[in-house]
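Going by the numbering used here, 357 is the number at position 352 of the sequence shown; the sequence numbering is gapless. The structure appears below as structure tokens.
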Amino acid sequence: MGIAKIPAVIWLLGVVLALRVSVSPAEGAKTRHHDFFIKESNYTRLCKERTVLTVNGQFPGPTIYARKGDLVIVNVYNQGDKNITIHWNGVDQPRNPWSDGPEYITQCPIRPGGNFTYRVILSEEDGEWWNADVNHLLEEAERIGSEINISDANTINGQPGDLFPCSKAGTYKIPVQHGKTYLLRIINAGLSNDSRFPSPPAPMAAGTTWPRGRSRPTPTSSKDHPVDVPRQVDEHMLVTIAVNVLPCAPNETCGGPDGNRQAASLNNVSFVNPSVDILGAYYRSVRGVFDADFPNKPPFFFNFTDVDNDPVERWATKRGTKVKVVEYGAVVEVVFQDTSILGAENHPMHLHGFTFYVVGRGFGNFDEQKDPATYNLVDPPHQNTVSVPKAGWAAIRFRAANSGVWFMHCHFDRHVVWGMSTVFIVKDGKAPKAKMMPPPPNMPTC
């Protein structure tokens, strides 16, 4: 996680939500209680004292240990001076979007001095992480529409490595024994950077080693992890991913191309957060908060990945709070298509509320006549975030069997702020277990 060059960085580093999945949901499921006190604390990193947002005085925050099927109740007390929410990354929260966390999507933020109780329902997860949203950094990026400040360093479990000044004594170390095998669960909790772990550059002294290579897991089907890839698709979506521009506001100085404001979009819609949460508006049938017409395809087609042909007229996008409404149980296929508008880039696309199958991936423009024949429908990866290749595409499938309001967005936070996101609304099904839970009594108000 980078430490940005900005006073009083407000960033809470997510940590692993550890689940002991060997226990089945019916065997000894428990309710576990935690209190999170959020406040600013001073920490010294890179020879300088900085203000960071901490949980219970810890940076990184505390690890939550739980088992599959448990209910984790977290009472969050905001003792800082900024609005906050907490998202439980990768936790499906079946029928319970009220505790999912993204501000103005499923809840209003917790104000300074306020509190909110999250009910985290664990179903199929096997090790996730939770995080709070940043404030200063992203507010500035949204206001002037420019790139955010570059990080000074990355951290591992809150500590920069010994390549950085004043860090060697605090470098995170893992003691190991010769001949034993260790599982390293690596979570990139960074704001705006992807990462990889290279092989060691040269033979090393005995007793030391480097993290090696990228993991390339081979999916397998088993009794505990069955593969049930939907074969028939009800909703086909082609979603173009782009970095765009919007006109700079009068009397403002913007940092985007040609003096414009930097923006981003899905299918040429740059998402705008409303002033109240979409979930509450949907549940109470409040009009005027969102439009249920997010398009299934882009408004125009061209050679999306031709980096040598990027005319200015394609740079602009339109703002809106457009959502996609689907029936309960519908099978949805989303093909994410990167574009070369203002430069191609890989994008980690994340969907709340679901774990999906990554059935295909490739470079260039997606060909709906040829590329589906290359899909892996036997043992595809089962994920909640997919890396869309630079100047390429990725296809996912999921069954919309989790009623509620669910955020879909690029996991680069600057892209979220610029509008690279949308929302799925999954209608209630007919059975009682297919209907969204009612809201808790203590939801924060906007």
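Note that the Cβ used here is the ideal one computed from N, Cα and C, for glycine as well.
query	result
Environment of P165 [buried if 16+ CB atoms lie within 10 Å]	buried
Burial state of E350 (16 or more Cβ within 10 Å)	buried
Three-way DSSP call (helix, strand, coil) for F299 in this model	coil
Beta-bridge pairing of S290 - partner residues as DSSP gives them	None; S290 has no bridge partner.
Y288 CB to nearest heavy atom of the ligand ADP below 7 Å	Judged by which ligands are present, the structure shown has none, so any question about the ligand ADP falls away.
Contacting residues, own chain, Cβ-Cβ under 6 Å from A239 (five flanking each side not counted)	Before going further, note that residue 239 is Asp rather than Ala in the sequence given. Correct list, in chain order: A335, V336.
Among A396, T326, G397, R404, nearest to Y362 - alpha-carbon criterion	R404
Distance, P353 Cα to R219 Cα	Low confidence applies to R219: its pLDDT is 38, below 50, so where it sits in the model is not reliable enough to give any reading.
From Q63, P107, H38, G66, residue whose alpha carbon lies closest to that of G358	P107
Cβ distance (whole Å) where C451 is taken to contact V281 below 8 Å	5 Å
Residue burial classification, P180 (beta-carbon count within 10 angstroms, cutoff 16)	exposed
Three-state secondary structure (DSSP) of H183	coil
Cα-Cα separation, D263 to H355	31 Å
Spatial distance of W93 from R419 (CA atoms)	20 Å
Three-way DSSP call (helix, strand, coil) for L127 in this model	coil
Chain-order list of residues whose beta-carbon lies under 6 Å from that of S275 (same chain, five-residue window excluded)	A268, T322, R324, G424
Where F429 falls, given that 16 or more other Cβ within 10 Å makes a residue buried	buried
M448 versus I346: straight-line alpha-carbon distance, rounded	40 Å
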